[in-house]
Amino acid sequence: NEVCTYAASTGFSANIIVYLTTQFNIKIIQATHIINITNAGSQLAPLLGAFLSDSYIGRFWTISLGSVFSFLATVVLTLTAIISSLRPSECSPQGTCHGPSTTQYGVLYLSFALSIIGSGGISFISSAFGADQFENETEEGMRKIQTFFNWYYFGLYSSVIIASIVIVYIQASVSWAWGFGICAVLTGIAVFMFFWGTKLYVRVRSQGSPFTALAQVVVACVRKWNLKLPSNADDYYYGNSTESARLPLTQQLRFLNKGAIKTSKDFKSEGQTNPNPWRLCAVEQAEELKSIVKTVPIWSTGIIPIIMLGQHATFSVLQALTMDRHLGPHFQIPAASFIVFNILSSAIILSIYDKLIVPFAARKGIKFTYLQRIGTGMFLYCIGLGVAAVVERKRLNAEKMESVGSMSALWLIPQNVIIGLGDPFQSVGRIDFFYNEFPETVRSTAVALVSVAGAVGYYLTSWMVTVVHKHSKWLTDDLNQSRLDYFYALVCGLGLLNM
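The opening position of the sequence shown corresponds to residue 524 in our numbering, with each subsequent residue numbered one higher.
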């Protein structure tokens, strides 16, 4: 299911900047805004999907809804490529271009909105639903879960690589209608295959969202803001935990302890053991929230890397459009296909790290910390953006000295490879850090926190483009009249400061 969905999603998004600028006549700066806002929404939507899944309808129905919405998104986008009235007319030979009408914008935005809703029902949830199909209380079951995840991520990487090559090539060299149509067919197959196995699935009943428990701590603290903290541990509520299993009450972030102070108003009757959770939280809940709050400084450092990735992903495709992408006289690499080098380098370094570097370091008594891994990834991002700035400077000089498109687009490969090398260290290391820092009961929020940082990063990416475009000539709607090299250097500098 998700292999087809990811392939379609890659075909949907990898080349979308080219589609917006060449088929919808949308200016570069506005197109980047649309893409960044859509990416931010796609990062936030899975949080709502996870809440809906955990608290109300379960993973099966959440994935079902997400799959259907993803299918509708690709269908609507395909219609914009097939029906000429749903997109602007082509630019005249004199270079006069008309932008989309209100209706054309509406249909385009509908497609993006449906894709955001679809990602909310699939991302994060499909992998958990797959793991639900195995028994996790036996050693054999745990081995099967590990095997499942290995094949799961192998399938995702493979689908993204194939889509970046095949679907993007069809969009660029055959037609947009065929390219997006294949995406629609893939999501349709994903929906069919998912519902086809309905009777075979193990469905785990919803057990409540961890976000609800964390919200209860905040509400309980606000209600008891004026209370003084008691010194006697028996004045705090520990829920149903036995004395030996209780989490110790810490004195850090003490104001969160107030939510666990017992008062007469918390229990409706004498001897009641289950108080209103929005008035009284357990000490364990307060300590879980503390563990999350303590990681906020590390969490905040995850925003800048998303800005770096977002800016590079968009503008590197636009760079490729202005360069010579030919391999021989008859084949031209699609501008969006250079992302393949990013993905391949990520997959290769991840395998090398797990199979060679970690075992070798263990034999030497060396252990890499999570923060070292994150820092390594961020440093590689900075190097990648630095290389991108140098390549862009070379491209601009080539445009001035020779004809447009004289520089080979193969110069874009090193920056994509370097950034791809950093991704497993930065992204995977960050998830591992949160997962190991949090108590077991709230570990599922680890990926959620990374996702929130991603959403904030994409919103700030859009804001950053707006500010630079408004107050300088570094970013204009003509890349050859811009100073993208300065902009890359600025983003690289932010990355270095973030370290």
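Idealized CB from N, CA, C, for every residue including glycine.
Only a predicted model underlies this, so the values are computations on that prediction, with no experimental measurement involved.
Around the CB of Q617, fewer than 16 other CB atoms lie within 10 Å, so the residue is classed as exposed. Ranked by Cα distance from G643, the options V630, I606, L750, T585 are led by T585. The distance from the Cβ of L867 to that of G943 is about 7 Å, consistent with a contact at the 8 Å cut-off. DSSP places C905 in the uninterrupted alpha helix (DSSP H) bounded by 893-924. W986 counts as exposed, since fewer than 16 other C-beta atoms from the protein chains shown sit within 10 angstroms of its C-beta.
Boundaries of the alpha helix (DSSP H) around L571: 551-575. Of the residues assessed, F647 falls on the buried side of the cut-off, its CB having 16 or more other CB atoms within 10 angstroms. Taking L803 as reference, the option from R746, L844, S823, L543 with the minimal CA-CA separation is R746. In the same chain as V863, and ignoring 5 residues on each side of it, the C-beta atoms closer than 7 Å to its own belong to I684, S687, I688, in chain order. Under the three-state reduction of DSSP output, H621 falls in the coil class, being neither helix nor strand. The shortest CA-to-CA distance from L919 to any of V598, F891, Q842 is the one to Q842.
Taking C-beta atoms as the reference points, W699 and Q546 count as a pair closer than 8 Å. Taking the CA atoms as reference points, F734 sits about 25 Å from L983.
Judged by beta-carbon spacing, Q949 lies within the 8 Å limit of Y904, meaning their Cβ atoms are closer than that value. Cβ-Cβ distances below 7 Å link V598 to A707 in the same chain, with the five nearest sequence neighbours on each side left out; the list follows chain order. A direct Cα-to-Cα measurement between A976 and I829 gives close to 8 Å. In the same chain as I549, and ignoring 5 residues on each side of it, the C-beta atoms closer than 6 Å to its own belong to L543, in chain order.
Counting the other Cβ atoms within 10 Å of the Cβ of W748 gives fewer than 16, which makes it exposed. For the pair I639 and G711, the CB atoms are not nearer than the 8 Å cut-off.
A858 is a Cβ neighbour of R848, given a cutoff of 8 Å.
Within the region 803-865, the complete alpha helix (DSSP H) segments at least 4 residues long are 806-816, 819-823, 826-844, listed from N- to C-terminus.
Residue environment analysis places S608 among the exposed positions, since fewer than 16 neighbouring C-beta atoms fall within 10 angstroms of its C-beta. Distance between R953 and C527, taken at the CA atoms: about 27 Å. Following the DSSP letters along the chain, one finds Q938 inside the alpha helix (DSSP H) bounded by residues 936-946.
For R582, the enclosing alpha helix (DSSP H) starts and ends at 581-605.
For Q566, the CB contacts under 6 Å within the same chain, skipping 5 residues up- and downstream, are S974, G977, A978 in chain order.
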